[in-house]
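Just so we're aligned, residue 1 is where the sequence shown starts under full-length UniProt numbering, counting upward by one. One structure is given below, encoded as structure tokens.
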Amino acid sequence: MLPAGQEDLQAGAADVPGDGTSPVPAHTQFFDEDALKDLRGMAEAGTDPVSAEIAALPPDADEATRQDLADRLAPIVSRSLLDHPWLRDPAGHLSASEHVTRQTFLDAVSSIYNTAQLDVLRRAAALAAGSAPPPPRGGTDD
Numbered sequence: 001m002l003p004a005g006q007e008d009l010q011a012g013a014a015d016v017p018g019d020g021t022s023p024v025p026a027h028t029q030f031f032d033e034d035a036l037k038d039l040r041g042m043a044e045a046g047t048d049p050v051s052a053e054i055a056a057l058p059p060d061a062d063e064a065t066r067q068d069l070a071d072r073l074a075p076i077v078s079r080s081l082l083d084h085p086w087l088r089d090p091a092g093h094l095s096a097s098e099h100v101t102r103q104t105f106l107d108a109v110s111s112i113y114n115t116a117q118l119d120v121l122r123r124a125a126a127l128a129a130g131s132a133p134p135p136p137r138g139g140t141d142d
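The structure is reproduced here in structure tokens:
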């Protein structure tokens, strides 16, 4: 997970493992046992249809599809944030520095998810946090 300020990506990413490409393995180096237990539970619970649809989402997915998935993922992200409040500020559960953890997480997420999937995660996390999602970065798909 990421330190405060990056929770929009971290919250969404924690909820979309379903296909076995979860960033959880990278996390095992950086989190304490309590956090790892929570992350494993979220990964195991990520077998809902939304997670499967996001896992299958192509990089060139249209705007309506992205928003629909984000709208359906947001309540799952909200539930994770309620069930695991430390996700909003994970610093107390880190076993490595925040900088190293942030960079490793970003590298892992970027290698696992395509642009459309990352966009859906960002939107869902913003919805779950009760804010409007920021504009997409870069403006092009992978």
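Just so it is clear, CB atoms sit at the ideal spot from N, CA and C, and this is done for glycine as well.
Query	Result
Contact check, A56 vs A128, beta carbons under 8 Å	no
Residue interval of the alpha helix (DSSP H) (run including F105)	98 to 112
Euclidean distance between Cα positions of A70 and S97	31 Å
One or two residues paired with F31 in a DSSP bridge	L94
Rounded distance between the beta-carbons of V120 and I54, thought under 8 Å	6 Å
Whether P58 touches A116 by CB criterion (8 Å)	yes
Spatial distance of R122 from R66 (CA atoms)	10 Å
Beta-carbon gap between D38 and H99 smaller than 8 Å	no
A61 - DSSP class collapsed to helix/strand/coil	coil
Neighbour-count burial assignment, L82, 16 or more Cβ in a 10 Å radius	exposed
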